[in-house]
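J.: Each position in the sequence shown, counted from 1, maps to that position plus 3 in the numbering used here. This is the structure I want to talk about, given as structure tokens.
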Amino acid sequence: MRHTKIIATIGPATSSESAIRDLIASGVDIFRLNFSHGTTATHGEVIERIRRVAHAMGKHTAILQDLGGPKIRTGTLRDKTLELKDGDTLVIAAGDFAGERGRVSTTYGDLARSVRKGDTLLIDDGRIELRVEDSDGQELRTVVVNGGILSEHKGINAPGVPLPAVGLTAKDAEDLKFGVKMGVDFIALSFVQSAADLRQAREAVALAGAPHLPLIAKLERPE
Numbered sequence: 004m005r006h007t008k009i010i011a012t013i014g015p016a017t018s019s020e021s022a023i024r025d026l027i028a029s030g031v032d033i034f035r036l037n038f039s040h041g042t043t044a045t046h047g048e049v050i051e052r053i054r055r056v057a058h059a060m061g062k063h064t065a066i067l068q069d070l071g072g073p074k075i076r077t078g079t080l081r082d083k084t085l086e087l088k089d090g091d092t093l094v095i096a097a098g099d100f101a102g103e104r105g106r107v108s109t110t111y112g113d114l115a116r117s118v119r120k121g122d123t124l125l126i127d128d129g130r131i132e133l134r135v136e137d138s139d140g141q142e143l144r145t146v147v148v149n150g151g152i153l154s155e156h157k158g159i160n161a162p163g164v165p166l167p168a169v170g171l172t173a174k175d176a177e178d179l180k181f182g183v184k185m186g187v188d189f190i191a192l193s194f195v196q197s198a199a200d201l202r203q204a205r206e207a208v209a210l211a212g213a214p215h216l217p218l219i220a221k222l223e224r225p226e
């Protein structure tokens, strides 16, 4: 019996019936839907399409709903991109304004209240590294350690920085209810920090009518 499973993430290039059919024929066991992007309407259409194609092929293919979780991202940029050079000073401020040279925004207000001098921030999957110099609780000043081209809405990771417990965001809670209604087979939780996050999710799926639905904890933070 084969125990290892192949998971394929559904995206624009793989959401057509023909692409889904080819993936199932190639051995995909589970389709992952990333709820960080798209709408419930489009995800619902894809779920129904996967079920329809799998049924026609006589296959049982599971569906994994991957919840977005709390997002720490940079905001918009006045010129769409910004070049960061080693040694540059960059201020990250809470808000929703268009960033420019030396100052960018983040809608995650707790970031400036959580970091301390000397902490490291990684942007865009670690492609850009910053060192925190100081923070006044509303904005923080950093120095670029490893520079690069910053574009809009890039993820910020703060390794080793304890962030306020969020658990399920309001969007996650609504997406979870939708996933249960659509009959997904697994639900993955992003940026899990503690067992309490899983307990909260377990209560939510139970209230939604699926107490035994398998949960997956994505280990994305040192905590």
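Ideal placement from N, C-alpha and C gives every residue a C-beta, glycine not left out. Keep in mind that this is a model prediction, so the values were computed, not measured.
1) Taking SER39 as the reference, which of ALA22, VAL94, VAL56, THR12 has the closest Cα?
2) Please check the pair THR1 and GLY78, which I expect to be a contact at CB under 8 angstroms, by giving their CB distance rounded to whole angstroms.
3) Among the residues of its own chain, which have a CB less than 6 angstroms from the CB of ARG116, if the five just before and after it don't count?
4) Compute the Euclidean distance between the alpha carbons of GLY186 and ALA209, then round it to the nearest angstrom.
5) I need the straight-line Cα distance from GLY151 to THR45, nearest angstrom please.
6) Note down, one range per segment and in chain order, each beta strand (DSSP E) of at least 3 residues found wholly within the region 116-195.
7) Taking the C-alpha atoms as reference points, what is the distance between LEU114 and GLY90?
8) Please classify THR7: does DSSP put it in a helix, a strand, or coil?
9) Spatial neighbours of ALA22 within its chain, please: CB distance less than 8 angstroms, with the 5 preceding and 5 following residues excluded, ordered by chain position.
10) Is ILE27 helix, strand or coil by DSSP?
11) With a Cβ-Cβ cutoff of 8 angstroms, do ALA207 and ALA176 count as a contact?
12) Check for me: the alpha helix (DSSP H) holding GLU48 runs from which residue to which?
13) Assuming GLY47 and SER193 are in contact, meaning their beta carbons sit under 8 angstroms apart, how far apart are those beta carbons, in whole angstroms?
14) Going straight from the alpha carbon of ARG81 to that of LEU26, what length do you get?
15) Hey, could you find the ends of the alpha helix (DSSP H) ARG202 is sitting in?
16) Can you tell me which of the three DSSP states ASP69 falls into?
17) Taking LEU171 as the reference, give the member of LEU85, ASP69, ALA161 with the closest Cα.
T.: Let me spell this out:
1) THR12
2) A question about residue 1 goes unanswered here, because the residues of the chain that appear run from 4 up to 226.
3) For ARG116, where only same-chain residues beyond five positions count, the Cβ hits under 6 angstroms are GLY140.
4) 13 angstroms
5) 34 angstroms
6) 123-126, 131-138, 142-149, 151-154, 189-192
7) Linking LEU114 to GLY90 through their CA atoms gives a straight-line distance of about 22 angstroms.
8) coil
9) ALA16
10) Of the three classes helix, strand and coil, the one that applies to ILE27 here is helix, per DSSP.
11) yes
12) 43-59
13) Actually they are not in contact, since the Cβ atoms of GLY47 and SER193 sit about 20 angstroms apart, beyond 8 angstroms.
14) 40 angstroms
15) 198-210
16) Collapsing the DSSP output to three states places ASP69 in a strand.
17) ASP69
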